[in-house]
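Peer 1:
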Amino acid sequence: MDVSPPLRFEEEYTTPAVIKVIGVGGGGCNAVNHMIESKIKGVEFIAVNTDAQALRMSRALQKMQIGSNITRGLGSGANPEIGRLAAEEDRQALKKALDGADMVFITAGMGGGTGTGACPVIAEIVQEIGALCVAVVTRPFSFEGKRRHIQAEQGIQDLSAMVDT
Numbered sequence: 033m034d035v036s037p038p039l040r041f042e043e044e045y046t047t048p049a050v051i052k053v054i055g056v057g058g059g060g061c062n063a064v065n066h067m068i069e070s071k072i073k074g075v076e077f078i079a080v081n082t083d084a085q086a087l088r089m090s091r092a093l094q095k096m097q098i099g100s101n102i103t104r105g106l107g108s109g110a111n112p113e114i115g116r117l118a119a120e121e122d123r124q125a126l127k128k129a130l131d132g133a134d135m136v137f138i139t140a141g142m143g144g145g146t147g148t149g150a151c152p153v154i155a156e157i158v159q160e161i162g163a164l165c166v167a168v169v170t171r172p173f174s175f176e177g178k179r180r181h182i183q184a185e186q187g188i189q190d191l192s193a194m195v196d197t
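At the far end of the sequence shown sits residue 197, using my numbering, and the numbering has no gaps.
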């Protein structure tokens with residue numbers, strides 16, 4: 033005779049992780065467009081740029097123009113300091129857009145202004161909200177010049193200090 037208690041099954045309901053992909057600057061917004069065209073599902077896409085005209089070309093449902101007081105919507109002029117200041121100007125709006133994420137992928141082309149300067153600020157915001165932060169960035173081609181390469185290396189170094197991977 034079996035005296036063991038009857039089996040009880042407790043149903044565990046888990047909610048899927050909230051994953052957000054934020055494309056920063058021209059290169060990052062292009063990457064987000066490509067992901068959207070590839071029909072990647074289960075991800076919230078956000079396009080962020082200082083250049084209002086370029087931002088209008090984004091297929092992301094959520095678009096954020098940053099630094100409008102600094103750049104007047106005309107971009108960062110390949111100056112990472114302008115990109116950084118633009119992200120700082122709209123820090124609260126960026127935090128609100130990223131809030132609720134469990135994991136954030138930041139994508140950008142490094143070497144220009146917005147991606148290079150804003151990405152470390154955005155990564156810092158991701159850390160503040162407690163989400164896992166992954167950056168996927170590109171380096172400039174050799175024909176893009178020494179200045180862009182130097183800016184890219186500095187930007188990658190600054191970003192690496194703020195991301196999980």
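Beta carbons: idealized from backbone N, C-alpha and C, even for Gly. This structure is a prediction, so every number in the text was calculated from the model and none was measured.
Around the C-beta of Pro-38, are 16 or more other C-beta atoms found within 10 angstroms, so that it is buried, or is it exposed?
Peer 2: Answer is exposed; the Cβ neighbour count stays below 16.
Peer 1: Ignoring anything shorter than 4 residues, give me the alpha helix (DSSP H) runs that lie fully in the segment 146-189, in order along the chain.
Peer 2: 146-161
Peer 1: Measuring straight from C-alpha to C-alpha, what distance separates Asp-190 and Arg-91?
Peer 2: 28 angstroms
Peer 1: Does the beta-carbon of Glu-69 have 16 or more other beta-carbons within 10 angstroms, so that it is buried, or is it exposed?
Peer 2: Classified as exposed, Glu-69 has fewer than 16 neighbouring CB atoms from the shown chains inside 10 Å of its CB.
Peer 1: For the segment 113-125 against the segment 168-181, do three or more pairs of beta-carbon atoms, one drawn from each stretch, fall closer than 8 angstroms, so that the two count as touching?
Peer 2: Taking 8 angstroms as the limit for Cβ pairs, the verdict is that the segment 168-181 does not touch the segment 113-125.
Peer 1: Nearest-angstrom Cα distance between Gly-147 and Ala-49?
Peer 2: 26 angstroms
Peer 1: Where Ile-114 and Gly-99 are concerned, what is the direct C-alpha to C-alpha distance, given to the nearest angstrom?
Peer 2: 8 angstroms
Peer 1: Rounded to whole angstroms, what is the Cα-Cα separation between Gln-85 and Thr-46?
Peer 2: 41 angstroms
Peer 1: Looking at Ala-118 and Gly-149, is the spacing between their C-beta atoms short of 9 angstroms?
Peer 2: yes
Peer 1: Would DSSP call Val-50 helix, strand or coil?
Peer 2: coil
Peer 1: Could you give the distance in angstroms between the alpha-carbon of Val-56 and the alpha-carbon of Gly-107?
Peer 2: 12 angstroms
Peer 1: Using only the alpha-carbon positions, how far apart do Val-64 and Gly-143 sit?
Peer 2: 18 angstroms
Peer 1: If I measure Cβ to Cβ from Ile-188 and keep anything under 7 angstroms in the same chain, skipping five residues before and after, which residues do I get?
Peer 2: Met-142 and Val-169
Peer 1: Specify the secondary structure class of Lys-128 as computed by DSSP and reduced to three states.
Peer 2: helix
Peer 1: Going by alpha carbons, who is nearest to Glu-76 out of Thr-197, Met-194, Asp-83 and Asp-131?
Peer 2: Asp-131
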